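Peer 1: If you scroll down you'll find the structure; I have some questions about it.
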Amino acid sequence: MKMDDTTLASIKKELASIKERSPFYARKFANINPEDIKSQEDFQKLPFTNKDDLRDAYPLGLAAVPARDIVRIHSSSGTTGTPVIIPYTAKDVQDWAIQFARCYKMSGITADDRIQITPGYGLWTAGIGFQLGAELLGAMAIPMGPGNTEKQLQMMVDLEATVIGATSSYALLLAEKIAEQGLGNKIKLRKGVIGSERWGEKMRNRIANELGVQLHDIYGLTEIYGPGIGINCEYQSAMHIWSDYCYIEIIDPNTNQVLPDGQSGELVITTLQKEGAPLIRYRTHDLTRIVTGTCPCGSPHPRIETLIGRSDDMIKVKGINIFPAHIEEALAVTEGASSEYQVMIDHMNGRDIMTVFFETASPEEHRPYIELALHKAIKDKLALSVMPKAVNVGDLPRSEKKTKRIFDNRY
Ligand code: ZN
Numbered sequence: 009m010k011m012d013d014t015t016l017a018s019i020k021k022e023l024a025s026i027k028e029r030s031p032f033y034a035r036k037f038a039n040i041n042p043e044d045i046k047s048q049e050d051f052q053k054l055p056f057t058n059k060d061d062l063r064d065a066y067p068l069g070l071a072a073v074p075a076r077d078i079v080r081i082h083s084s085s086g087t088t089g090t091p092v093i094i095p096y097t098a099k100d101v102q103d104w105a106i107q108f109a110r111c112y113k114m115s116g117i118t119a120d121d122r123i124q125i126t127p128g129y130g131l132w133t134a135g136i137g138f139q140l141g142a143e144l145l146g147a148m149a150i151p152m153g154p155g156n157t158e159k160q161l162q163m164m165v166d167l168e169a170t171v172i173g174a175t176s177s178y179a180l181l182l183a184e185k186i187a188e189q190g191l192g193n194k195i196k197l198r199k200g201v202i203g204s205e206r207w208g209e210k211m212r213n214r215i216a217n218e219l220g221v222q223l224h225d226i227y228g229l230t231e232i233y234g235p236g237i238g239i240n241c242e243y244q245s246a247m248h249i250w251s252d253y254c255y256i257e258i259i260d261p262n263t264n265q266v267l268p269d270g271q272s273g274e275l276v277i278t279t280l281q282k283e284g285a286p287l288i289r290y291r292t293h294d295l296t297r298i299v300t301g302t303c304p305c306g307s308p309h310p311r312i313e314t315l316i317g318r319s320d321d322m323i324k325v326k327g328i329n330i331f332p333a334h335i336e337e338a339l340a341v342t343e344g345a346s347s348e349y350q351v352m353i354d355h356m357n358g359r360d361i362m363t364v365f366f367e368t369a370s371p372e373e374h375r376p377y378i379e380l381a382l383h384k385a386i387k388d389k390l391a392l393s394v395m396p397k398a399v400n401v402g403d404l405p406r407s408e409k410k411t412k413r414i415f416d417n418r419y
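Now the structure itself:
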């Protein structure tokens with residue numbers, strides 16, 4: 009995305025003092041003179057900041073202010089053990105509230121609303137972000153936290169909550185309980201603010217219909233404030249990111265090159281105002297693309313599309329970047345195919361072969377037709393020929409945690 013003059017000025021200002029403020033960046037940029045960064049091209053030569061760098065700074069090595077100016081910490085858990093600690097100054101907390109309140113406003117939520125907050129409170133940033141924004145907006149916060157579904161429903165009915173803040177899976181659970189208990193006509197919900205993750209259209213429609221709400225995807229990550237750095241407007245398609253707080257880039261996760269607007273890749277964020285733990289070119293590992301053109305809502309804040317996955321899940325076959333979402337979408341339009349699948353990529357006779365195993369309940373004689381249909385669906389989507397193989401329902405492995413579905417046997 010073309011960096012405008014205001015953003016370039018903010019970045020220069022941010023960089024001018026970063027080595028003095030942040031021992032972390034003093035080390036990372038040891039061989040860089042921030043004054044040499046005069047253009048977008050210069051900026052794009054700066055090294056990325058990775059989650060591992062943040063882990064290595066445990067516990068408070070990221071702090072760019074004296075300890076007495078830190079008013080709060082949050083933490084993102086890692087799969088490898090060492091957590092990442094993000095220190096916040098009073099201004100950071102305030103800025104987060106401002107951004108979250110903007111998200112509510114963009115979703116059409118006002119001071120008259122009653123916001124039931126079901127994400128967790130504590131070290132991670134979810135619940136408290138919803139709360140900060142609600143209070144700044146002047147809405148009524150109902151700080152439930154997760155779980156205790158019966159109590160959730162009772163409060164929702166008795167306090168006449170109009171907005172639900174939730175993860176997509178908890179929103180679905182609540183929707184099912186509401187349908188089960190026939191509470192549909194007792195609840196007053198009109199909006200759902202859902203933490204952004206990759207979730208299918210089918211799930212989205214079910215939640216929206218059963219709760220009777222309009223859904224908004226809110227984006228954010230603990231390393232960069234938390235949820236609230238962007239949300240989709242009434243035109244639904246993509247999330248606006250608050251450009252006065254964050255500068256966004258999309259890179260090819262393999263080559264690390266910045267991609268033109270419209271192309272899918274990994275989202276990289278630079279904070280423009282953060283005091284406690286400023287981050288320069290932070291790799292989020294979230295895959296999305298910048299939506300080009302102006303949004304019909306008129307907001308000047310740039311938009312990213314609903315996340316299509318994590319860059320760790322991406323795989324390249326015959327020069328084409330493939331994400332699990334692509335396979336899932338192809339399966340969704342293939343009649344007779346279920347959503348369970350497994351992909352094997354092998355290198356044979358000098359070329360890459362991608363086999364897509366999928367489950368089906370259809371009888372043996374129909375399977376060649378389903379395989380053909382899936383072949384076409386993937387070809388239409390990715391311009392890639394694969395070998396589809398139908399298997400019986402239950403044949404593919406399942407796990408309670410995240411199921412590994414793509415196996416690259418080429419290397
Ligand atoms: Zn918009």
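If you use this note's numbering, the sequence shown corresponds to residues 9 to 419, in order.
We put the beta carbon where it would ideally sit given N, CA and C, even for glycine.
All values reported here derive from a predicted model rather than from experimental measurement.
(1) Take the Cβ of Ser30 as the centre, count every other Cβ of all protein chains shown within 10 Å, and call the residue buried at 16 or more, exposed below.
(2) Please find out if some non-hydrogen atom of the ligand ZN comes closer than 8 Å to the beta-carbon of Arg311.
(3) Curious, which full-length beta strand (DSSP E) runs of at least 3 residues does the segment 300-365 contain?
(4) Curious, which full-length alpha helix (DSSP H) runs of at least 4 residues does the segment 121-148 contain?
(5) For Trp250, which of Ser346, Pro310, Phe366 and Tyr233 has the nearest alpha-carbon?
(6) Using the three-state DSSP reduction, which class does Lys6 fall into: helix, strand or coil?
(7) Taking contact to mean 3 or more Cβ pairs, one atom from each stretch, closer than 8 Å, check whether the segment 269-281 and the segment 294-306 are in contact.
(8) Tyr377: buried (16+ other C-beta within 10 angstroms of its C-beta) or exposed?
(9) Counting beta carbon pairs with one atom in the segment 125-134 and one in the segment 73-88, are three or more of them shorter than 8 Å?
(10) By how many angstroms is the C-alpha of Thr279 removed from the C-alpha of Ile26?
(11) What is the residue span of the alpha helix (DSSP H) that Glu28 lies within?
(12) Helix, strand or coil for Ala119? Go by DSSP, reduced to three states.
(13) Pull every residue with its beta-carbon under 6 Å away from any heavy atom of the ligand ZN, and keep them in chain order.
(14) Just how far apart, CA to CA, sit Ala17 and Glu49?
(15) Measuring only the C-alpha atoms, how far is Glu143 from Ala149?
(16) Taking the C-alpha atoms as reference points, what is the distance between Ile353 and Ile259?
(17) Taking a contact to mean a Cβ-Cβ separation below 9 Å, would you say Ala179 touches Ile215 in this structure?
(18) Do you know offhand how far Cys305's Cα is from Glu372's?
(19) Among Lys185, Ile45 and Thr97, whose alpha-carbon lies nearest the alpha-carbon of Gln281?
(20) Helix, strand or coil: how does DSSP classify Ile229 here?
(21) Where DSSP assigns a beta bridge to Ile150, which residues make up the other side?
(22) Using C-beta distances below 8 Å, list every residue in its chain close to Val401, excluding the 5 sequence neighbours before and after it, in chain order.
(23) What is the C-beta distance between Val364 and Pro396, in whole angstroms, given that I count them as a contact (C-beta under 8 Å)?
(24) Suppose you measure from the CA of Ala119 to the CA of Ile106; what does that come to, to the nearest Å?
(25) Just checking my contact of Gly234 with Gly137 at CB under 8 Å: how many whole Å lie between their CB atoms?
(26) Determine, using beta carbons only, whether Phe32 and Ala72 come nearer to each other than 9 Å.
(27) Which term fits Glu158, buried or exposed, when burial requires 16 or more other beta carbons within 10 angstroms of its beta carbon?
(28) Please say whether Lys324 and Asn264 have beta carbons closer to each other than 9 Å?
Peer 2: This is what the structure holds:
(1) buried
(2) yes
(3) 311-313, 323-325, 328-330 and 349-356
(4) 134-145
(5) Pro310
(6) There is simply no residue 6 to check, as the chain begins at 9 and stops at 419 in what is shown.
(7) yes
(8) exposed
(9) yes
(10) 12 Å
(11) Ile26 to Arg29
(12) coil
(13) Cys241, Tyr243, His248, Cys303, Cys305 and Ser307
(14) 14 Å
(15) 7 Å
(16) 24 Å
(17) yes
(18) 51 Å
(19) Thr97
(20) The sequence shown places Leu at residue 229, rather than the Ile named in the question. Leu229: strand per DSSP, three-state reduction.
(21) Gln124
(22) Ser346, Glu348, Glu367, Thr368 and Ala369
(23) 5 Å
(24) 14 Å
(25) 4 Å
(26) yes
(27) exposed
(28) no
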